[in-house]
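Structure record follows, encoded as structure tokens.
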Amino acid sequence: MRLRVVAAAVAGVLACGACSTTAERMNGVAANLAGDGVGDVTLRKAGVELKGGLSCTATPQVRHQGWLAFECTSTTPDGKAVRLAGSVTDAVNDDEGKGTTRGDFTGTVDGHEVLRTHCLGSCA
């Protein structure tokens, strides 16, 4: 559920030229990630089932203006630790409201990499 918040925030931060503060931009990114559940869907496509929703945090990256680092955690039904983390470089919504979040993303289960991708959501 919180991943959806982070996703929305990512798109909001990167797409919100009118936003005046970093906090407003991060809230926008969080809202986009939360709205689509792109993290949950991406992990399911990689064969990872979650016990509950993802819990996420996001922070701006100092070295790369406009980029956002995020980390999401959860567990599998059998108690293994799940982590989806990465750096967001771009986030947009198409005319149908489907979000695309680009950057570098890695998913792990109990420390073992299960996915590495450069796009979450509606990727062409």
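Read in order, the letters of the sequence shown are residues -23 to -1, 1 to 101 in mature numbering (1 follows the signal peptide of the UniProt record, and there is no 0).
Backbone N, C-alpha and C define an ideal beta-carbon position, used for all residues, glycine too.
By the 16-neighbour rule on beta-carbons within 10 angstroms, GLY98 is buried.
Following the DSSP letters along the chain, one finds THR19 inside the alpha helix (DSSP H) bounded by residues 15 to 22. Counting along the chain, the unbroken beta strand (DSSP E) around CYS96 starts and ends at 89 to 98. Within 10 angstroms of the beta-carbon of ARG93 lie fewer than 16 other beta-carbons, which makes it exposed. Taking the Cβ atoms as the reference, GLY84 lies roughly 6 Å from ALA23, within the contact range of under 8 Å.
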